[in-house]
C-alpha cells in the first residue's frame, strides 16, 4: 500500500500540479491574485503562504519573492505603532498603511483588517468600514474576527461584492476577555469552534484564519470546509500558513510564541549596521572622499 506523505490528504494525488503557471507561489502570472485563485488552490490541494505587511517597501520585497497573499493586519499595533495590543489601532491607521502596501505590490492579493470598533456595532457599520478600505486603500479583500457573532456582518459585506476572510480561534481584538490562550480545547469549545467555522463559510467568506487552535481540530475544520483555512499556530493540515513578518524575520524582540519559526535575525543585522555607521561617523571614516558631492 502506498504511504501518504505528511502533507497529503486521502484521495489527493501525489502528482505535481499539471500547470505550474497556476501555482499561487512561483506561478508565472503577473496579474493580481484573486479569491478565485485561492479556491482553485484548495481544490487541487496546493498550500500557500501569507505574510503580514505594513509598508510599501517591505511589501514590494515580499511581492517580488512570490508571496501570493499579504495581510495588512491590525498586528501593526504591536509591530509598528507601539501599542501593547491590537485594540487601539484605528481604521484611519489601517487605511493609511493598507494603501501603502497596495502601492508597493503588483501581484499579491492584499487583505486589510477591520479594526476593533469598526464592525462590532453591526452589519451596516461593517460594510461602511469595508467599503472604505476597498475605495481608499485599494485592498482586494477584508478580514474580520468572529464566527457566529460576525455572521451577519460577513454576509452583508459579501453581498455588497467585497470578499471577506474570517478569523476564529484566538481573536486578538478580544484579548481583554479571552487572553492569549489556545482555543478549542475540550468538547464544548471544540464544538463552538466548528460552529464558528461553518458560520463564517455559510456567510460567504472565501477563507478563514485559524489562530491558536489544536492541530487535530484545525485538521477537522480544514476537511469539513470547502473554503481554505489559514493557520497560525494551528498545525500543518491547514490549507495555508500565515506569520507576522517581524516575528519570522527576527525583528520582534523577546520570546516568540512556539508556533513561530524565525528565518532570519533582522534585528541583529540592523543593529550591527547601525553601530557600524555610528562608529564610522564618530571616527571620521564616514563620509569618505567617494561620498562627497562636488
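Residue numbers (our numbering): 167 to 460. Where is the CB? At the ideal position from N, CA and C, for every residue including glycine.
- Shown here for residue 408: same chain residues with a beta carbon closer than 6 angstroms to its own, the five before and five after excluded, namely 216, 396, 398 in chain order.
- Looking at the DSSP output, residue 254 sits in no beta bridge, so it has no partner there.
- Beta-bridge pairing by DSSP links residue 279 to 309.
- Partner residues in the beta bridge of residue 237, as assigned by DSSP, are 218, 277.
- Looking at the DSSP output, residue 376 sits in a beta bridge with 334, 397.
- Take residue 330, set aside five residues on each side of it, and the residues of its chain with a beta-carbon closer than 8 angstroms to its own are 296, 307, 308, 309, 310, 320, 323, 324, 369, 370, 371, 372, in chain order.
- Looking at the DSSP output, residue 409 sits in a beta bridge with 217.
- Between residue 221 and residue 274, the CB-CB gap reaches or exceeds 7 angstroms.
- When the beta-carbon positions are compared, residue 278 and residue 305 come within less than 7 angstroms of each other.
- Listed in chain order, the alpha helix (DSSP H) elements of length 4 or more contained wholly in the region 414 to 442 amount to none.
- Taking residue 301 as reference, the option from 281, 315, 264 with the minimal CA-CA separation is 264.
- For residue 289, the uninterrupted alpha helix (DSSP H) run begins and ends at 289 to 298, by DSSP.
- Residue 333 and residue 379 do not touch by the CB rule: their CB atoms are close to 11 angstroms apart, not below 8 angstroms.
- The straight-line gap separating the alpha-carbon atoms of residue 435 and residue 293 is approximately 42 angstroms.
- Taking residue 318 as the centre and dropping the five residues before and after it, the same chain places the C-beta of 289 closer than 6 angstroms to its C-beta, in chain order.
- Excluding sequence positions up to five before and after residue 419, its CB lies within less than 7 angstroms of the CB of 433, all in the same chain and listed in chain order.
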